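In our numbering, the protein residues as written are 164 to 270.
The beta carbon of each residue, even a glycine, is placed where N, CA and C say it ideally should be.
All values derive from a computational prediction rather than experimental measurement.
Written below as structure tokens is the structure these notes are about.
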């Protein structure tokens with residue numbers, strides 16, 4: 164029979180099929196902030212500190228990556244958390260009238 168199933172005999176039935184399940188780590192996603200010509204450096208640092216819980220020095224370094232390279236890595240998270248953080252960035256940016264973009268990709 165198939166390698167994914169073992170057959171087990173029980174007292175109430177002649178035959179029961181017991182399936183084996185494999186437990187895997189969830190896929191992880193990298194959250195990225197993208198540069199634009201309107202969002203202030205101070206606001207990007209504020210986002211990194213408030214939403215991504217980065218210390219001031221690390222937030223400044225990521226902000227400089229965004230400014231110089233066009234994007235900066237904010238962290239690696241499970242899919243639900245990555246989606247939530249991207250949504251939080253977009254919401255806070257819109258509240259402050261900034262066009263800041265944030266995205267996620269599989270790590």
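Extent of the continuous beta strand (DSSP E) to which residue i belongs
i, result
"residue 195", "191 to 197"
Spatial distance of residue i from residue j (CA atoms)
i, j, result
"residue 224", "residue 269", "23 angstroms"
"residue 181", "residue 240", "33 angstroms"
"residue 253", "residue 242", "17 angstroms"
"residue 260", "residue 198", "15 angstroms"
"residue 212", "residue 249", "14 angstroms"
"residue 236", "residue 192", "11 angstroms"
"residue 208", "residue 184", "44 angstroms"
"residue 258", "residue 214", "15 angstroms"
Check whether residue i and residue j have beta carbons under 7 angstroms apart
i, j, result
"residue 202", "residue 263", "yes"
"residue 233", "residue 194", "no"
Extent of the continuous alpha helix (DSSP H) run through residue i
i, result
"residue 264", "Residue 264 -> not in any alpha helix (DSSP H); beta strand (DSSP E) instead, spanning 264 to 269."
"residue 231", "219 to 232"
"residue 206", "204 to 213"
Per DSSP, the bridge partner or partners of residue i
i, result
"residue 239", "193"
With a cut-off of 8 angstroms, do at least 3 Cβ pairs link the segment 221 to 235 to the segment 178 to 192?
no
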